[in-house]
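Below: one structure, written as structure tokens.
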Amino acid sequence: MSILVGKETRLVVQGMTGREGGFHAERMIEYGTNVVAGVTPGKGGTTHLDRPIFDTVEEAVREEGANTSVIYVPAAFAADAVMEAAAAGISLVICITEGIPALDMMKVHALLPAGVRVIGPNCPGVITPREKAKVGIMPGHIHAPGRVGVISRSGTLTYEVVWALTESGLGQTTAVGIGGDPLPGTRFVDALELFRNDEETEAVVMIGEIGGTDEEAAAELVAGGYPKPVVGFIAGRTAPPGKRMGHAGAIIAGGKGTAAEKIEALNKAGIPVADLPGEIPRLIRDRIGG
Amino acid sequence: MKIHEYQAKALLKEFGAAVPRGRAVDSVEEAVEAWRELGRPRVAVKAQIHAGGRGKGGGIKLAETEEDVRSAADSILGMTLVTHQTGPEGRLVKKVLIEEAVAIEKEFYAAVTLDRARGCPILMASREGGMEIEEVAARNPEAILKVALHPLAGIRPFEARSLAFALGLHRFKKAEVLKEGIRTLTALARLFLEKDASLVEVNPLAVLEDGRVVAADGKVNFDDSALFRHPEIEALRDEAEEEPAEREARSAGLSYVKLDGTIGCMVNGAGLAMATMDIVKHFGAEPANFLDVGGSAKRKRVAKALEIILADPNVKGIFINIFGGIVRCDEVAHGIVAAKKELGIEVPVTIRLTGTNEEEGRRILEEAGFAVGKSLNEAAEKAVAVLK
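Quick mapping for you: the protein sequence lines, in order, are chains A and B.
Heads up: the first sequence is residues 7 to 296, going by this note's numbering.
Heads up: the second sequence is residues 3 to 390, going by this note's numbering.
See the structure below:
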């Protein structure tokens with residue numbers, strides 16, 4: 007078992023003929039992901055990386071049975087790409103694009119049909135190593151099949167933690183990059199719910215950062231009863247207030263969203279928070295053995 | 003992106019909110035001229051900087067006579083205004099707003115911002131105007147009334163009306179206060195949605211003795227990601243208000259925030275960049291900056307990033323932390339070597355490099371005389387040890 011992506015994934019790549027989309031589509035195919043089609047309006051009828059390209063997502067669903075979409079289209083058009091995928095019947099939309107206006111994402115959330123899950127935007131994607139399914143931009147080779155679920159607002163910091171898990175032999179079940187934007191489609195609480203009943207996942211790591219209150223909401227959920235150990239890391243202890251730290255969502259605003267508040271909330275819920283990313287494997291082993 | 007009060011008020015007015023009559027000027031002569039144009043009333047002379055707390059710092063003065071206006075403008079223009087939001091270095095005042103002083107009966111607070119937890123815009127208002135909203139939120143959260151707005155429907159008449167009643171705007175002697183208040187609240191919400199703002203704040207929202215409702219102050223911030231579709235907003239940018247190094251980094255496509263420490267940090271990825279700062283602190287030093295070279299760290303960007311870090315005179319050592327995924331370590335290594343040749347790096351540089359093409363990157367750097375670590379903790383300890 008796994009969550010979100012796996013053997014059942016039939017992936018359509020929106021923006022596959024672009025530079026980013028093409029590069030990453032090739033990496034995903036190499037890794038073993040079942041990429042069934044690409045979509046680039048105006049390039050329908052051609053092929054790319056031996057996959058058919060369609061003008062619309064609707065055709066990719068009808069002709070190739072796509073059930074998952076990954077989006078590499080530029081920020082100005084990305085929210086529309088999410089809506090197109092949802093309208094075409096795709097149930098999981100993973101949006102890699104960074105820099106989508108917040109208002110566009112608010113509109114997406116207001117209009118999204120029930121049953122459609124969005125991951126991101128501004129995220130590295132989702133990977134399930136055991137089933138060789140990689141949907142996003144993360145380097146595949148640092149991952150290994152294992153016992154730990156990973157949820158993260160960051161990109162390279164996730165790789166750091168994933169690599170530490172791989173080196174320690176713990177590996178990952180699924181690593182979910184929920185993204186660094188202020189309005190993510192899937193939040194910590196949602197991803198924790200997905201891991202709750204996943205049999206292979208013995209523990210969950212959540213990698214948070216300054217800004218917003220999603221880590222606090224996750225702490226509340228865990229405090230209310232969660233069947234497996236959760237370990238945390240929070241980036242931005244040294245971040246000054248009022249300054250955006252790269253990610254659009256990483257900002258301490260009105261004195262709210264500090265690392266200290268989040269660490270306190272997690273600790274209160276019984277979630278240990280690592281001071282250094284390298285401590286995470288030990289914190290997990292202390293709880294699940296092995 | 004932030005803008006000045008006078009620019010915010012012009013936008014509020016465009017969307018139907020009333021603001022006091024006034025004009026922004028950049029010389030004493032113009033200040034006097036603006037005062038005459040207004041009909042020689044009692045005016046407020048207000049420093050225009052991108053920071054709050056101006057009154058306490060001496061950046062706002064009342065003036066009634068030509069002599070007063072002249073001396074107020076003369077003392078504020080060119081001053082370095084220090085407030086709780088500017089930091090100890092303060093900000094140089096280059097413009098003042100000359101604005102008709104208004105007779106206020108009651109001050110309210112009103113704002114529209116993004117509610118991240120609910121995922122929609124939120125219109126907030128309070129009867130405790132003139133105070134900082136964080137203070138009210140901490141002391142008396144029930145005093146803040148909130149209406150969640152639908153991002154597509156915008157503000158609906160009943161929403162503005164209910165909020166106006168809840169604020170008690172119907173209890174003023176002058177009947178027009180209610181209607182004017184509704185119009186102002188509507189203007190705030192429309193400005194937020196139509197211009198992709200991240201904050202529209204009017205504090206105080208003033209009910210005047212004559213029954214008018216005006217935005218006595220105004221603050222508007224914009225979503226940086228949406229500026230591409232609002233050239234008219236981008237045109238309001240005042241680059242002098244931005245940290246020069248941050249401005250330079252932005253135009254090079256780098257994300258940089260200057261801090262007060264001594265260890266310059268160059269990292270790929272925002273989350274890892276924050277974590278790297280924290281690790282520097284964990285081992286006993288202070289980071290000099292946040293810097294994300296981005297997901298496609300090409301050699302030119304790497305060299306530019308190092309140039310920006312080295313321009314900070316506080317930097318006593320540099321810590322480079324690269325986790326090569328999509329970014330190739332050899333490409334980053336070439337950038338570091340190029341920067342060394344061009345800039346002549348004199349402070350110690352500690353490099354942690356791991357991931358894609360790591361061996362090649364390591365070889366390039368070691369040939370150029372750099373020491374390269376693989377473990378993050380060891381490298382961070384070493385980077386910090388250069389200070390001792």
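The C-beta atom is built at its ideal place from N, Cα and C for all residues, glycine as well.
A quick note: this is a predicted structure, and the numbers were derived from the prediction, not measured.
Legend entry - Per-residue contacts from residue 259 of chain B into chain A (C-beta, under 9 Å): If you number the second sequence from 1, residue 259 of chain B lands on position 257. Within 9 Å Cβ-Cβ: 245, 246, 249, 250, 251 and 252.
Inset, instruction - Starting from the C-beta of residue 36 of chain B, find all residues in its chain whose C-beta is less than 6 Å away, skip the five residues before and the five after it, and write them out in chain order. - result: Position 34 of the second sequence, counted from the first residue, corresponds to residue 36 of chain B. Closer than 6 Å at Cβ, skipping near neighbours: 25, 27 and 100.
Legend entry - CB contact check: residue 364 of chain B to chain A, cutoff 8 Å: Position 362 of the second sequence holds residue 364 of chain B. Not an interface residue.
Legend entry - N-terminal and C-terminal residue of the alpha helix (DSSP H) that residue 233 of chain B is part of: On the second sequence, position 231 is the one that residue 233 of chain B refers to. Run containing residue 233 of chain B: 233-236, per the alpha helix (DSSP H) assignment.
Inset, instruction - Pair every Cβ in the segment 180-193 of chain A with every Cβ in the segment 122-132 of chain A, then say whether three or more of these pairs are closer than 8 Å. - result: yes
Legend entry - Inter-residue Cα distance where the pair is residue 15 of chain A and residue 72 of chain A: Numbered from its first residue, the first sequence carries residue 15 of chain A at position 9. Numbered from its first residue, the first sequence carries residue 72 of chain A at position 66. Approximately 8 Å between the Cα atoms of the pair.
Inset, instruction - May I ask you to report which of helix, strand or coil DSSP gives residue 227 of chain A? - result: Locating residue 227 of chain A in the first sequence gives position 221, counting from the first residue. In the structure shown, residue 227 of chain A sits in a helix (DSSP, three-state: H, G or I).
Inset, instruction - Just confirm the distance between the C-beta atoms of residue 381 of chain B and residue 354 of chain B, as a whole number of angstroms; I'd bet it's less than 8 Å. - result: As a first step, residue 381 of chain B is located in the second sequence; it is residue number 379 there, counting from the start. As a first step, residue 354 of chain B is located in the second sequence; it is residue number 352 there, counting from the start. That pair is a contact at about 4 Å.
Legend entry - Option nearest residue 142 of chain A by Cα separation, candidates A:162, A:153, A:152 and A:154: The residue you call residue 142 of chain A lines up with position 136 of the first sequence. It is A:162 whose Cα lies nearest to the Cα of residue 142 of chain A.
Legend entry - Where the beta strand (DSSP E) containing residue 104 of chain B begins and where it ends: Taking the second sequence and counting its residues from 1, the one referred to as residue 104 of chain B is at position 102. Premise fails: residue 104 of chain B is in no beta strand (DSSP E) and is neither H nor E.
Legend entry - CB contact flag (residue 3 of chain B, residue 224 of chain B, <8 Å): Looking up residue 3 of chain B in the second sequence gives position 1. Looking up residue 224 of chain B in the second sequence gives position 222. Their beta carbons are under 8 Å apart, which means residue 3 of chain B touches residue 224 of chain B by this criterion.
Inset, instruction - For chain B, find out if any of its Cβ atoms is closer than 8 Å to the Cβ of residue 126 of chain A; answer yes or no. - result: Here residue 126 of chain A is taken as the residue at index 120 of the first sequence, counted from 1. No, residue 126 of chain A does not count as interfacial toward chain B.
Inset, instruction - At 7 Å on the CB atoms, spell out the chain B contacts of residue 165 of chain A, in chain order. - result: As a position in the first sequence, residue 165 of chain A is number 159, starting the count at 1. Here the neighbours are 325 and 327.
Inset, instruction - Step through the CB atoms of chain A and report whether any lies within less than 8 Å of the CB of residue 83 of chain B. - result: Counted from its first residue, the second sequence places residue 83 of chain B at position 81. So no, residue 83 of chain B is outside the interface.
Legend entry - Residue from B:106, B:59, B:261 and B:6 whose Cα sits closest to the Cα of residue 250 of chain A: Against the first sequence, residue 250 of chain A aligns to sequence position 244. The shortest C-alpha separation from residue 250 of chain A is found at B:261.
Inset, instruction - Have a look at residue 281 of chain B and residue 272 of chain A and give me their C-alpha separation to the nearest angstrom. - result: By 1-based counting over the second sequence, the position of residue 281 of chain B is 279. By 1-based counting over the first sequence, the position of residue 272 of chain A is 266. Each residue's alpha carbon lies about 20 Å from the other.
Legend entry - Cut-off 8 Å between Cβ atoms - residues of its own chain near residue 105 of chain A, not counting five sequence neighbours on either side: The sequence position of residue 105 of chain A within the first sequence is 99, counting from 1. Excluding sequence neighbours, residue 105 of chain A sits near 81, 128 and 254.
Inset, instruction - Report yes if the CB atom of residue 89 of chain A is closer than 8 Å to the CB atom of residue 55 of chain A, and no otherwise. - result: Stepping through the first sequence from its first residue, residue 89 of chain A is reached at position 83. Stepping through the first sequence from its first residue, residue 55 of chain A is reached at position 49. No, they are not a contact pair.
Inset, instruction - Taking 8 Å as the threshold, find out whether the segment 111-120 of chain B comes into contact with the segment 201-211 of chain B through three or more Cβ pairs. - result: yes
Inset, instruction - Output the distance between the C-alpha atoms of residue 47 of chain A and residue 193 of chain A, rounded to the nearest integer angstrom. - result: By one-based count along the first sequence, residue 47 of chain A stands at place 41. By one-based count along the first sequence, residue 193 of chain A stands at place 187. C-alpha separation (whole angstroms): 31 Å.
Inset, instruction - Find out if the Cβ-Cβ distance for the pair residue 49 of chain B, residue 14 of chain B is shorter than 8 Å. - result: The count along the second sequence starts at 1 and reaches residue 49 of chain B at position 47. The count along the second sequence starts at 1 and reaches residue 14 of chain B at position 12. Cβ distance not < 8 Å, so residue 49 of chain B and residue 14 of chain B don't count as in contact.
Inset, instruction - Name, going along the chain, the residues of the segment 115-134 of chain B whose beta-carbon falls closer than 8 Å to a beta-carbon of chain A. - result: 116, 118, 119, 121, 122 and 123
Legend entry - Cβ neighbour criterion (16 or more within 10 Å) applied to residue 147 of chain A: Along the first sequence, one-based indexing puts residue 147 of chain A at 141. Answer is exposed; the Cβ neighbour count stays below 16.
Legend entry - Positions along the segment 142-161 of chain B whose CB lies within less than 7 Å of some CB in chain A: 152, 153 and 154
Legend entry - Sub-8 Å separation of residue 63 of chain B and residue 74 of chain B beta-carbons: Mapped onto the second sequence, residue 63 of chain B falls at position 61. Mapped onto the second sequence, residue 74 of chain B falls at position 72. In contact: residue 63 of chain B and residue 74 of chain B (Cβ atoms closer than 8 Å).
Legend entry - N- and C-terminal bounds of the beta strand (DSSP E) containing residue 20 of chain A: Counting from one through the first sequence, the residue named residue 20 of chain A turns up at place 14. It spans 17-20 - the beta strand (DSSP E) in which residue 20 of chain A sits, taken as one unbroken run.
Legend entry - Closest residue to residue 220 of chain A among A:23, A:231, A:115 and A:188 (Cα-Cα distance): Stepping through the first sequence from its first residue, residue 220 of chain A is reached at position 214. Cα-wise, what sits closest to residue 220 of chain A is A:188.
Inset, instruction - Run the CB neighbour count on residue 52 of chain A, radius 10 Å, all protein chains shown included, and call it buried at 16 or more, exposed below. - result: Residue 52 of chain A sits at position 46 when you count from the first residue of the first sequence. The residue is exposed, with fewer than 16 neighbouring Cβ atoms inside 10 Å.
Inset, instruction - Keeping to the same chain, check which residues put their C-beta closer than 7 Å to that of residue 150 of chain B; ignore five residues upstream and five downstream. - result: Against the second sequence, residue 150 of chain B aligns to sequence position 148. So the list reads 117, 120, 122 and 124, once near-sequence residues are dropped.
Inset, instruction - Return the bridge partner residues of residue 178 of chain A from the DSSP annotation. - result: One-based indexing of the first sequence puts residue 178 of chain A at position 172. Looking at the DSSP assignment, residue 178 of chain A forms a beta bridge with A:154.
Legend entry - Of the listed residues A:191, A:233 and A:195, nearest to residue 206 of chain A (C-alpha basis): On the first sequence, position 200 is the one that residue 206 of chain A refers to. Among A:191, A:233 and A:195, the Cα nearest to that of residue 206 of chain A belongs to A:233.
Inset, instruction - Find out if the Cβ-Cβ distance for the pair residue 263 of chain B, residue 289 of chain B is shorter than 8 Å. - result: Residue 263 of chain B sits at position 261 when you count from the first residue of the second sequence. Residue 289 of chain B sits at position 287 when you count from the first residue of the second sequence. It is a contact, given that the beta carbons lie within the stated cut-off.
Legend entry - Buried/exposed call for residue 231 of chain B, threshold 16 Cβ in 10 Å: As a working mapping, residue 231 of chain B is identified with position 229 in the second sequence. By the 10 Å Cβ count, residue 231 of chain B comes out exposed.
Inset, instruction - Look up residue 268 of chain B in the DSSP assignment and say whether it is helix, strand or coil. - result: Here residue 268 of chain B corresponds to residue number 266 of the second sequence, with the count starting at 1. Residue 268 of chain B: strand per DSSP, three-state reduction.
Legend entry - Inter-residue spacing [alpha-carbon to alpha-carbon] between residue 327 of chain B and residue 137 of chain B: The residue you call residue 327 of chain B lines up with position 325 of the second sequence. The residue you call residue 137 of chain B lines up with position 135 of the second sequence. When rounded, the distance between both Cα atoms is 44 Å.
Inset, instruction - Give the single residue among A:34, A:77 and A:212 whose Cα lies nearest to the Cα of residue 160 of chain A. - result: Numbered from 1 along the first sequence, position 154 holds the residue referred to as residue 160 of chain A. Of the candidates A:34, A:77 and A:212, the one whose C-alpha sits nearest the C-alpha of residue 160 of chain A is A:212.
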